[in-house]
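Chains as they are written, first to last, in our numbering: chain A, 90 to 272; chain B, 90 to 272.
Note that the Cβ used here is the ideal one computed from N, Cα and C, for glycine as well.
Because the structure is a prediction, the values reported are computed rather than measured.
Report on one structure; see the data block that follows.
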DNA sequence: TTGGAATGTCAACAACACTGACGTATTGTT
DNA sequence: AACAATACGTCAGTGTTGTTGACATTCCAA
């Protein structure tokens, strides 16, 4: 016990709230700093696993995670504009543009000039792009499926609840838009 | 419905298993490709939120996420060796070394020659290093706490279950080791 | 029609990961 | 004592991904 908690907004395990809430006692024990830290480290290690399989596939080609993200969201939203993709991915347009350029050059994505607004570019996956997208998301889904199966449906519901509460508000609406779209 | 599911290992919603399991029907509905995709996108957006607050702090200094990770795990395991840190973080020693060099130069981390094995270097946070670590994890904990509170204790349990099932086996043991350490 | 805003592209640069090779000190083994 | 293996640090080179700055095109509104 060498660290002194100079900025202790949270609670230590020993001094945690133990309210007699509707959960039947110890209702707030899950909010101790220790519990939060475990959650943080779980996020860290799990995200590594989450990206590991697609990363291996991408490494075969000259691609990285940025390509995966672009291909994923173009696949989800065929005809999306560069600007929309930009706000989803949260990078600069120059950074996205480099990725799009290679994807277009390699024939995985097509860029069509917008019909109503000719400044815009509508992005679509080609057949080859769809094939790559499938391969990547299959790999990622396989792991996700195994995790879901191991944890069970109730755990999955909780998993999604916490993740949704963890998002930034500006990103949350992108997630919601994505959520209920027919494929 | 333009995409053809060439590599469909999973299930479409319409054709999903609906087993009469112990959950009272529709037990496997949470394993549809659509549910899995939502989980994948939730992970993506949530991780952005997860790192957003520390990233802002790190940007003030000349630091990045790599510094955060190093400081975090050195703080969790005072006296840890370079090799151990390496296997936790999953990067090359050249990459870690660049980060450690700046942290040591800036007086946030000290490196002591190992007592039993003089080849090893034991890493510790200085007072300044602990202060930064506190600042970063406070920011991250605040968001995690808000998410936990919003989702409730049962959701948190499910959250952790799914994340743990999502980890690579080799990383899982690092998570477990971290888990039950007294601070 | 002219100026400003929006959209997207090109160029240069920094951060951070990687590989490969090498040097040094220490440890363990033969 | 000689040798191999380990732990750590470093130099050089490369690639992805992010950044800022400058610029062309298109749209819209004064």
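Whole-number beta carbon distance between residue j and residue i, since they are thought to touch under 8 Å
i	j	result
residue 160 of chain A	residue 192 of chain A	7 Å
residue 247 of chain B	residue 248 of chain A	5 Å
residue 210 of chain A	residue 170 of chain A	6 Å
residue 146 of chain B	residue 229 of chain A	Not a contact, Cβ separation roughly 30 Å.
residue 148 of chain B	residue 252 of chain A	About 24 Å; that fails the 8 Å criterion.
residue 244 of chain B	residue 250 of chain A	4 Å
residue 264 of chain B	residue 255 of chain B	Not quite, the Cβ-Cβ distance comes to about 11 Å (not below 8 Å), so this is no contact.
Heavy atom of the ligand NAD within 7 Å of residue i beta-carbon
i	result
residue 126 of chain A	This structure does not include the ligand NAD; it has no bound ligands of any sort.
Through-space distance from residue j to residue i, alpha-carbon basis
i	j	result
residue 168 of chain A	residue 227 of chain B	41 Å
residue 201 of chain B	residue 215 of chain B	12 Å
residue 123 of chain B	residue 258 of chain B	26 Å
residue 197 of chain A	residue 132 of chain B	25 Å
residue 268 of chain B	residue 120 of chain A	16 Å
residue 166 of chain B	residue 199 of chain B	13 Å
residue 262 of chain B	residue 174 of chain B	13 Å
residue 218 of chain A	residue 204 of chain A	23 Å
residue 141 of chain B	residue 207 of chain B	39 Å
residue 117 of chain B	residue 127 of chain B	15 Å
residue 179 of chain B	residue 172 of chain B	10 Å
residue 189 of chain B	residue 155 of chain A	27 Å
residue 220 of chain A	residue 164 of chain A	10 Å
residue 183 of chain B	residue 158 of chain B	15 Å
residue 105 of chain B	residue 232 of chain A	Bear in mind that a pLDDT of 44 at residue 105 of chain B, under 50, signals an unreliable position, so the number given afterwards is only what the model happens to contain. Roughly 18 Å separates the two Cα atoms.
Those residues which DSSP pairs with residue i across a bridge
i	result
residue 178 of chain A	Answer is none; residue 178 of chain A lacks a bridge partner.
residue 198 of chain B	B:214
residue 170 of chain B	B:211
Quiz item: Using a Cβ cut-off of 8 Å, which residues of the region 248-260 of chain B contact any Cβ in chain A, in chain order?
Solution: 248, 249, 250, 251, 252, 253, 254, 255, 256, 257, 260
Self-check item: Positions along the region 123-134 of chain A whose CB lies within less than 9 Å of some CB in chain B
Solution: Per Cβ criterion, the list reads 123, 124, 125, 126, 127, 128, 129, 130, 131, 132, 133, 134.
Quiz item: Relative to chain A, which residues along the region 226-249 of chain B have a C-beta separation below 8 Å, given in chain order?
Solution: 226, 227, 229, 230, 231, 232, 233, 234, 235, 236, 237, 238, 239, 240, 241, 242, 243, 244, 245, 246, 247, 248, 249
Self-check item: Members of the region 137-163 of chain B that neighbour chain A once the beta carbon cut-off is set at 7 Å
Solution: 137, 138, 139, 141
Exercise. With 9 Å as the limit, tell me which residues of the region 196-213 of chain A have their beta carbon closer than that to any beta carbon of chain B; keep them in chain order.
Key: none
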